[in-house]
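Engineer: In this text, residue positions in the sequence shown follow the UniProt record's numbering: the first is 1, and each later residue adds one.
The beta carbon of each residue, even a glycine, is placed where N, CA and C say it ideally should be.
The structure displayed is predicted, hence computed values, not measured ones.
After the structure tokens below, expect a handful of questions from me.
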Amino acid sequence: MEILVTGGAGFIGSAVVRQLAAAGHGVRVLDALLPAVHPSGRAPDLPDGVPFLHGDVRDAAAVERSLDGVDAVCHQAAMVGPGVDPADAPAYAGCNDLGTAVLLAAMARAGVRRMVLAGSVAVYGEGRYRCPEHGEVAPGPRRPEDLDAGRFDPTCPRCGAELVPGLVTEEAPGDPRNVSAATKLAQEHLAAAWARACGGAVLVLRYATVYGPGMPRDTPHAGVASVFRSALARGEAPRVLEDGGQRRDFVHVGDVAAANLAALAAVGDRPPGSVRAYNAGSGEAHTVGTMAAALAAAAGGPEPLVTGEYRLGDVRHLTADSSRLRAELGWRPQMPFLAGTAEFAAAPLRD
Ligand SMILES: NC(=O)c1ccc[n+]([C@@H]2O[C@H](COP(=O)([O-])OP(=O)(O)OC[C@H]3O[C@@H](n4cnc5c(N)ncnc54)[C@H](O)[C@@H]3O)[C@@H](O)[C@H]2O)c1
Ligand SMILES: [Zn+2]
């Protein structure tokens, strides 16, 4: 297969490119090298024979050139992270949604009918919880007054009881809690409308919290593991928000890349007009505090500092049920948490 990887200079995209090239596929990269994540502005080292096209997915002409002879698109390009400022919203919507729309329109013109889309479990908002009285519930956004008082765990929206966090499945409705998550959900809707309109097929991989070698260094857009790793590299304690008890599913970038290869292999056999979403997580829940402690221990650095601070757009617990991806695409995560964090603690960050 000949595959275009948008965002192929990024953390996850470059891992996908390496695995695709190693598997013998034709691969090309389209990436705008956003200054926020590529401060050097340099094109990345790509495997031999992988062309790098410096261009923006919002630029129809650049996208059109990149699609010539392509069988499927692996769409990773996006602005990531929760963002810092409401003023960032146009940039998120531009890169993620306008960019996806321009890409899909160009694919329709070029007759390219298959897409694997990098989605996010952030589209669910809070994960799912169980109330002893009311069963499964989906709590709304947390109130600043609760967070200020250190009441980080959401309570039952019906009776106020304490809740037990559980796993969120692909059937859960979208409920994004920040701009980035809203634009990721809109990408899915745009891709679904495109598939119906032109007989395309789309597989969406809703990534859990991805970590591993090649993560961008500490920026407002970086994932939590990179923020901790960057602090340790400076000899500082990782600063853990809230009480550190936030549950996430940390999945290794190599496993996420392998999920993309499985999805690209499968998308060609999907019926025209179809869209199917898959959670892509390790299947294990760990707290953010545990991640910080594991990295600090592996790096021989100072113990994490739990700050009690919070960010309003964050959700408390978000762990995904990834059994659909295992069952339908035969994918298995390979990297255990302790081995992955030990590797990451020693691995270089990007730029
Ligand atoms: N890292 C995670 O934990 C995580 C979790 C869920 C979903 N995702 C999704 O995975 C994908 C890859 O994220 P990542 O973590 O590798 O981020 P990244 O920032 O390392 O990579 C994204 C790449 O896309 C490029 N890009 C951004 N806007 C572009 C545009 N308009 N035109 C062309 N290129 C553009 C950037 O230059 C960058 O190289 C994104 O779609 C993101 O939403 C990531
Ligand atoms: Zn209840």
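Would you mind sorting residue 216 into buried or exposed? The rule is 16 or more other CB atoms within 10 Å of its CB.
Structural biologist: Within the sequence shown, the letter at position 216 stands for residue 216. Its Cβ being crowded by 16 or more others within 10 Å, residue 216 is buried.
Engineer: Residue 118 bridges to which residues according to DSSP?
Structural biologist: Here residue 118 refers to the residue found at position 118 of the sequence shown. 205.
Engineer: Runs of 3 residues minimum, wholly inside the segment 230-312: which ones carry the beta strand (DSSP E) assignment?
Structural biologist: List check, beta strand (DSSP E) in window: 250-252 and 274-280.
Engineer: Taking 7 Å as the cut-off, is the CB of residue 133 close to at least one heavy atom of ligand 3?
Structural biologist: Here the bound small molecules are ligand 1 and ligand 2; ligand 3 is not part of this structure.
Engineer: Is residue 138 near ligand 2, with its Cβ less than 7 Å from a heavy atom?
Structural biologist: Start at 1 with the first residue of the sequence shown, and residue 138 comes out as number 138. No; taking the cut-off as 7 Å, the Cβ of residue 138 has no heavy atom of ligand 2 nearer than that.
Engineer: With the cut-off set at 8 Å, would you say residue 114 and residue 77 are in Cβ contact?
Structural biologist: The residue labelled residue 114 in the question sits at position 114 within the sequence shown. The residue labelled residue 77 in the question sits at position 77 within the sequence shown. No, the pair does not count as a contact, with Cβ atoms beyond the cut-off.
Engineer: Is residue 164 buried or exposed, if buried means 16 or more other CB atoms sit within 10 Å of its CB?
Structural biologist: Residue mapping note: residue 164 aligns to position 164 of the sequence shown, counting from 1. By the 10 Å Cβ count, residue 164 comes out exposed.
Engineer: Which residues bound the alpha helix (DSSP H) around residue 140?
Structural biologist: Position 140 of the sequence shown, counted from the first residue, corresponds to residue 140. Element bounds for residue 140: n/a, residue is neither H nor E.
Engineer: I'd like to know whether the C-beta atoms of residue 352 and residue 253 end up nearer to each other than 8 Å.
Structural biologist: A question about residue 352 goes unanswered here, because the residues of the chain that appear run from 1 up to 351.
Engineer: Going by C-alpha to C-alpha distance, which of 294, 316, 175 and 301 sits closest to residue 338?
Structural biologist: The sequence position of residue 338 within the sequence shown is 338, counting from 1. The shortest Cα separation from residue 338 among 294, 316, 175 and 301 belongs to 294.
Engineer: Helix or strand or just coil, what does DSSP make of residue 228?
Structural biologist: The residue given as residue 228 occupies position 228 in the sequence shown. If DSSP states are grouped into helix, strand and coil, residue 228 belongs with the helices.
Engineer: Alpha carbon to alpha carbon, how far is residue 132 from residue 104?
Structural biologist: Taking the sequence shown and counting its residues from 1, one reaches residue 132 at position 132. Taking the sequence shown and counting its residues from 1, one reaches residue 104 at position 104. Cα to Cα, residue 132 sits roughly 45 Å from residue 104.
Engineer: Just the C-alpha distance for residue 208 and residue 148, rounded to the nearest angstrom, thanks.
Structural biologist: Against the sequence shown, residue 208 aligns to sequence position 208. Against the sequence shown, residue 148 aligns to sequence position 148. If you take the alpha carbons of residue 208 and residue 148, they lie about 27 Å apart.
Engineer: If you count every other CB in all the chains shown that lies within 10 Å of the CB of residue 257, and 16 or more means buried, which is it?
Structural biologist: Counted from its first residue, the sequence shown places residue 257 at position 257. Buried, since its Cβ has 16 or more Cβ neighbours within 10 Å.
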